[in-house]
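Visitor: Keeping their order, the protein sequence lines are chains A and B. For the first sequence, this note's numbering begins at 6 and goes up steadily by one. For the second sequence, this note's numbering begins at 24 and goes up steadily by one. We put the CB at the ideal spot given by N, CA and C, even for glycine. What follows is a structure written as structure tokens; I'll ask about it next.
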Amino acid sequence: MRSPIEISTVLGRYLLAVASVAAALGIRLAIGPLLGSGSEFIVFVLSVLFSALFLGRGPAILATALSLVAGAALAPGNFGTPARLAQDTLFLGVCLGILVLAQRVAHRARIAELHRQQAQEEALKAQIASEELRLLLEGAHHYAIFFVAPDGTVRHWNRSAERLFGWTDSEILGRHCSALYSDDPGSHETAVQDLTRALQGGGLSRELWQRRKDGSEFLASVTITPLVAQSGDQRGFVKIIYDTTDEHAAEQALEKRERHLNSILATVPDAMIVIDEKGVVLSFSATAERLFGYSEDQVVGRNVSMLMPSPDREQHDSYLERYLSTGERRIVGIGRIVSGQRADGSTFPMKLSVGETVSDDQRMFTGFIQDLTERREFEAKLEEARSELIHVSRLSAMGTMASTLAHELNQPLTAISAYGEAVGHMLERGDEPDKELLHEAFTEMAAQAVRAGSIVRRLRQFVARGEVAKSIEDLPALINEAGALALVGTKEKGVSVQFFYSPEATPVFVDRVQIQQVLVNLMRNAIEAMESSPVRKLSVATALLDPGTVQVSVADTGAGMAPEMKEKLFEAFASTKETGMGLGLSICRTIIEAHGGRIAAREAQGGGTEFVFTLKKPGSDVA
Amino acid sequence: MSGRRVYIVDDEEPIRRSLRLLLTVEGYAVTLFDSGDSLLDAIDGLVPGILMLDLRMPGKDGLEVLHAISARGTVLPTVVMTGHGDLPVTVAALRQGAVAFLPKPFTRAAAIAALDKAFLKLEQPEQYHGRLRDAARALEGLAAEDRRLLDHLAAGGTSETIAAELSLGPDELETARSRIVSKLGVAQIGDAIGLALEAGLAREA
């Protein structure tokens, strides 16, 4: 708490109080004769008043006490008289009044001072804010920002607005904002409409042509924000305008570059598909459209898995996730032969090469696809992959071989049958046995039977080709490769192929090429069996039968098989096909049984035929 | 025993010898030839008889032998021996005038039936033609579309060309074939084709 008069020390103030009482005493002694008795305290009131107003409460109380003592000293005779008591009390009451009054005055003064200081601070703040706002408006280089009154006249105009439109503020202020609109007959109405819509909608952003002072026009992005006070009064609008011409030019340049790139890509003979890291198709080339039978619109934005048959279709997302999380390359940068699925549901073999690009934090994969449907082309491609070549050559050699052997086998069988029947007939008639004839017949029959046996052995040897070379193989990969081979040339047959792989039913311990021969054989049979079926669906599935045994099934939706065929299906030379040798399935059985498995045929669910065979998992005992 | 003469042409000795035994026991007189050429060399001096001809032979094959015989104007009713799946060649042989065919291996009964038919043509042409007319009548019992299919087969068409021409699926074709076989009471489609060819000969006669 500070006194109105600045006295630096407390002691100073108290000394001053004592001095004022001393002065009052002096004055009282000097003018005492003029005052008469009974007025000892009059002069001291002045000193108390002085102390209370200028020195503070403490010094004022001190002055009061000293005054009482001085007053008592001036009239020592009447101490204790009622008159004296009344005088002292009155004096004390007056002094108390002075103190209270002084206190109130000081309080008021303090409040007034506080208010003054606050007002000063507010004023300063307002000044700073206004300066900042001005700087903001002027500093918004590419944004013309100005105020428009409710009637549409321009009020405030920043420097960027001046630069953008060419109008100085003295020229534009007070004019209607339609002066900035394109010079059309209806520009005034348009400007008024824009303001009305901004008011109704709480704001308006649009792109439109604006006009500079010199009459030239530019495409601008215009934002109008209505200003409404808390009371609900409409105060006008803020307009923010910027020139978007450059932006459009950049867009056009980008578009041009993209067109250029697309025209180059259109000449690439491979189909090209670009996907993002979620598998969503970003681009689908014209060749891809022809190959898959989808238009770009039907594919872009959708998951690329729509272009694959099962199980890739269901698992492609997890392939991507695995690659993104582990970086392990199964196809990126390597290239593989896989199956694709067209819009009509049919599948075809294709060579897929995938490249990876990263731009602007976005990872993309570009797939180049070669259609392997054309058999000749396919075989040329196969020359690159030795194992596949062995496959095809062995398959075709087996066909020729089987046909030759079947004819060869007919010869000894004809001889055996003729000898047997001749001897049998002779005995039946009771002819006298001609020993020489009988000897010849039986010797020849035995010799021809041995010959037939050796033909069969040659056939089996050819199929098995020495030792079975078993190794641990991934079953889905093995089936996928066989599938790609079996589907060669089935383009126009409209067969849709589905693979269902049980994750437990792999790996298997087999001779890869031989099991693939079995699979190709069964799949080709299935495709042929469905040639005249309305529904042509080939399903290949794997399952774990018991911990050591895996089951593979190949099912078609053909007409099924005749009951009498079912029994001799796996015997040699039992063919349902006019041109067939009836050897395919017997060879399949030979191979499967050499692997310690079993093969059987049964009716598929919903018609058709299902072939089922078993294979052993690694580590299980193979007979 | 009448000692009716059968000429066997086959490139394999076990076949020739076994067939000779079979037919000798049946009472036929059998002469063997190991190739088409050796038959053709000797053909002018042969007594009337029946030819059993293997279709698959090195050198002149069965069809060429048949062609050479008909070119000479020699009457030598022929039974052809065929392999499995040789239907097109069999049909060609029947069209060349072969009387019957025997798919290898065959039973004694089948061989005798085929030879009987051939001897009928050789010895009693009237009765043989009566048989042909019976065949034609049997064919009349067939549905028009089955008859058309059979004619196509007899004309040497393959399954593909026939399926395309008659717009039949492979399965429909198969069903139609087995329907024809059971309707005519024959053992296999080749016999039905034989009937169709015989019926054709009956019309010509």
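Examine the Cβ distances between the region 246 to 266 of chain A and the region 349 to 367 of chain A and report whether three or more of them are shorter than 8 Å.
Guide: These segments do not touch.
Visitor: Who does B:PHE124 pair with in a DSSP beta bridge?
Guide: Here residue 124 of chain B is taken as the residue at index 101 of the second sequence, counted from 1. Beta-bridge pairing links B:PHE124 to B:VAL103.
Visitor: Taking only beta-carbon positions, decide if A:THR419 is within less than 8 Å of chain B.
Guide: Counting from 1 along the first sequence, the entry for residue 419 of chain A is found at position 414. Taking Cβ atoms only, chain B reaches closer than 8 Å to A:THR419, which makes this a yes.
Visitor: When the Cα atoms are used, what is the spatial distance from A:ARG368 to A:GLU361?
Guide: In the first sequence, residue 368 of chain A corresponds to position 363, counting from 1. In the first sequence, residue 361 of chain A corresponds to position 356, counting from 1. Cα to Cα, the separation comes out at about 7 Å.
Visitor: In angstroms with no decimal places, state the Cα-to-Cα distance between A:GLY37 and A:ALA114.
Guide: Taking the first sequence and counting its residues from 1, the one referred to as residue 37 of chain A is at position 32. Taking the first sequence and counting its residues from 1, the one referred to as residue 114 of chain A is at position 109. So the alpha carbons of these two residues sit roughly 37 Å apart.
Visitor: Identify the contact partners of A:LEU442 in chain B, using a Cβ-Cβ distance below 8 Å as the criterion.
Guide: One-based indexing of the first sequence puts residue 442 of chain A at position 437. Those within 8 Å of A:LEU442 in chain B are LEU44.
Visitor: Just curious, the beta strand (DSSP E) that A:PHE152 is in, first and last residue?
Guide: Position 147 of the first sequence, counting from 1, holds the residue named residue 152 of chain A. 149 to 153 is the span of the beta strand (DSSP E), which, as asked, contains A:PHE152.
Visitor: Just the Cα atoms here: how many angstroms apart are A:GLU126 and A:GLY85?
Guide: Against the first sequence, residue 126 of chain A aligns to sequence position 121. Against the first sequence, residue 85 of chain A aligns to sequence position 80. Between A:GLU126 and A:GLY85, the C-alpha separation is close to 59 Å.
Visitor: Report yes or no: is there a C-beta of chain A within less than 8 Å of the C-beta of B:LYS83?
Guide: Against the second sequence, residue 83 of chain B aligns to sequence position 60. Not closer than 8 Å to any Cβ of chain A, the Cβ of B:LYS83 fails to qualify, so no.
Visitor: Rounded to whole angstroms, how far is the Cβ of B:ALA161 from the Cβ of B:LEU207, which I believe are closer than 8 Å?
Guide: Indexing the second sequence from 1 puts residue 161 of chain B at position 138. Indexing the second sequence from 1 puts residue 207 of chain B at position 184. Going by Cβ atoms, the distance from B:ALA161 to B:LEU207 rounds to 6 Å, so yes, they are a contact pair.
Visitor: Would you say the region 35 to 51 of chain B touches the region 85 to 93 of chain B, given that touching needs at least three Cβ pairs under 8 Å?
Guide: Verdict: no, contact absent.
Visitor: On the DSSP letters alone, give me the boundaries of the beta strand (DSSP E) that A:LYS244 sits inside.
Guide: Residue 244 of chain A sits at position 239 when you count from the first residue of the first sequence. From DSSP, the beta strand (DSSP E) with A:LYS244 extends over 239 to 248.
Visitor: Using 8 Å as the limit for Cβ to Cβ distance, is A:SER351 near chain B?
Guide: Translated into the one-based positions of the first sequence, residue 351 of chain A becomes position 346. No - not a single Cβ of chain B is within 8 Å of the one on A:SER351.
Visitor: Please report how far the alpha carbon of B:LEU62 lies from the alpha carbon of B:ARG28, in whole angstroms.
Guide: Numbered from its first residue, the second sequence carries residue 62 of chain B at position 39. Numbered from its first residue, the second sequence carries residue 28 of chain B at position 5. One C-alpha to the other measures close to 14 Å.
Visitor: Measuring straight from C-alpha to C-alpha, what distance separates A:LEU630 and A:LEU129?
Guide: Outside the shown range of chain A (6 to 628) lies residue 630 of chain A, about which nothing can therefore be said.
Visitor: What residue from B:ALA52, B:ASP67, B:TYR51, B:MET75 has the CA that sits closest to B:SER58's CA?
Guide: Position 35 of the second sequence, counting from 1, holds the residue named residue 58 of chain B. Here the closest residue by C-alpha is B:MET75.
Visitor: From the DSSP output, in three-state form, read off A:LEU620 for me.
Guide: Taking the first residue of the first sequence as 1, we reach residue 620 of chain A at position 615. Three-state DSSP puts A:LEU620 in a strand.
Visitor: Should A:HIS321 and A:SER310 be called a contact, given that it needs their Cβ atoms to be closer than 8 Å?
Guide: As a working mapping, residue 321 of chain A is identified with position 316 in the first sequence. As a working mapping, residue 310 of chain A is identified with position 305 in the first sequence. The answer is yes: Cβ separation under 8 Å.
Visitor: Would B:ALA222 pass as a contact of B:LEU138 if the rule is Cβ separation under 8 Å?
Guide: Taking the first residue of the second sequence as 1, we reach residue 222 of chain B at position 199. Taking the first residue of the second sequence as 1, we reach residue 138 of chain B at position 115. For B:ALA222 and B:LEU138, no; Cβs fall outside 8 Å.
Visitor: Name, please, each residue of chain B whose Cβ falls closer than 7 Å to the Cβ of A:GLN453.
Guide: As a first step, residue 453 of chain A must be located in the first sequence, where it is residue number 448. Neighbours of A:GLN453 on chain B, chain order: PRO37.
Visitor: Does the beta-carbon distance from A:ARG160 to A:LEU178 come in below 8 Å?
Guide: As a working mapping, residue 160 of chain A is identified with position 155 in the first sequence. As a working mapping, residue 178 of chain A is identified with position 173 in the first sequence. For A:ARG160 and A:LEU178, yes; Cβs fall inside 8 Å.
Visitor: Cβ atoms of B:ASP34 and B:MET80: under 8 Å apart, would you say?
Guide: Taking the first residue of the second sequence as 1, we reach residue 80 of chain B at position 57. Taking the first residue of the second sequence as 1, we reach residue 34 of chain B at position 11. Taking 8 Å as the Cβ cut-off, B:MET80 and B:ASP34 qualify as a contacting pair.
Visitor: I believe B:ILE216 touches B:VAL114 by the beta-carbon criterion, under 8 Å. Please report the beta-carbon distance rounded to the nearest angstrom.
Guide: Taking the first residue of the second sequence as 1, we reach residue 216 of chain B at position 193. Taking the first residue of the second sequence as 1, we reach residue 114 of chain B at position 91. Confirmed, Cβ separation roughly 6 Å.
Visitor: Just to check my reading of the structure: B:ALA167 and B:LEU218 have Cβ atoms closer than 8 Å, yes? What is that Cβ distance to the nearest angstrom?
Guide: Start at 1 with the first residue of the second sequence, and residue 167 of chain B comes out as number 144. Start at 1 with the first residue of the second sequence, and residue 218 of chain B comes out as number 195. About 17 Å; that fails the 8 Å criterion.
Visitor: For B:PHE56 and A:MET431, what's the separation of their Cα atoms in angstroms?
Guide: Along the second sequence, read from residue 1 onward, the residue named residue 56 of chain B stands at position 33. Along the first sequence, read from residue 1 onward, the residue named residue 431 of chain A stands at position 426. Each residue's alpha carbon lies about 25 Å from the other.
Visitor: To the nearest angstrom, report how far apart A:GLU118 and A:VAL110 are at their CA atoms.
Guide: The residue labelled residue 118 of chain A in the question sits at position 113 within the first sequence. The residue labelled residue 110 of chain A in the question sits at position 105 within the first sequence. Their backbone Cα atoms lie some 12 Å apart in a straight line.
Visitor: Using a Cβ cut-off of 7 Å, pull out every chain A residue sitting near B:ASP194, in sequence order please.
Guide: Here the question's residue 194 of chain B lines up with position 171 in the second sequence. In chain order: SER537, ALA564.
Visitor: Residues in its own chain within less than 7 Å of A:GLY284 by CB, not counting five upstream and five downstream?
Guide: On the first sequence, position 279 is the one that residue 284 of chain A refers to. Around A:GLY284: ASN308, VAL309, SER310, HIS321, ASP322, LEU325.
Visitor: Which same chain residues end up closer than 7 Å to B:ALA133 when comparing Cβ atoms and leaving out the 5 residues on each side of it in sequence?
Guide: Translated into positions along the second sequence, residue 133 of chain B becomes position 110. Contacts found: LEU125.
Visitor: If you reduce the DSSP assignment to three classes, tell me which class A:HIS161 lands in.
Guide: As a working mapping, residue 161 of chain A is identified with position 156 in the first sequence. Reduced to three states, the DSSP call for A:HIS161 is strand.
Visitor: Use the C-beta contact count for A:TRP162: other C-beta atoms within 10 angstroms, 16 or more gives buried, fewer gives exposed.
Guide: By one-based count along the first sequence, residue 162 of chain A stands at place 157. Result: buried.
Visitor: Could you check what DSSP says for A:GLN2 in three-state terms: helix, strand or coil?
Guide: What is shown of chain A runs 6 to 628, which leaves residue 2 of chain A out entirely.
Visitor: Starting from the beta carbon of A:TYR424, find every residue of chain B whose beta carbon is closer than 7 Å, and list them in chain order.
Guide: Translated into the one-based positions of the first sequence, residue 424 of chain A becomes position 419. Per Cβ cutoff of 7 Å: SER41, LEU44.
Visitor: If we count the other Cβ atoms within 10 Å of its Cβ and call it buried at 16 or more, is A:GLY372 buried or exposed?
Guide: Start at 1 with the first residue of the first sequence, and residue 372 of chain A comes out as number 367. Buried, because 16 or more other Cβ atoms sit within 10 Å of the Cβ of A:GLY372.
Visitor: Candidates A:ASP174, A:LEU185, A:ALA510: which alpha carbon is nearest A:GLY553's?
Guide: Mapped onto the first sequence, residue 553 of chain A falls at position 548. When each option's Cα is compared against that of A:GLY553, the closest is A:ALA510.
Visitor: Should A:LEU60 be labelled buried (16 or more other beta-carbon atoms within 10 Å of its own) or exposed?
Guide: One-based indexing of the first sequence puts residue 60 of chain A at position 55. Buried, since its Cβ has 16 or more Cβ neighbours within 10 Å.
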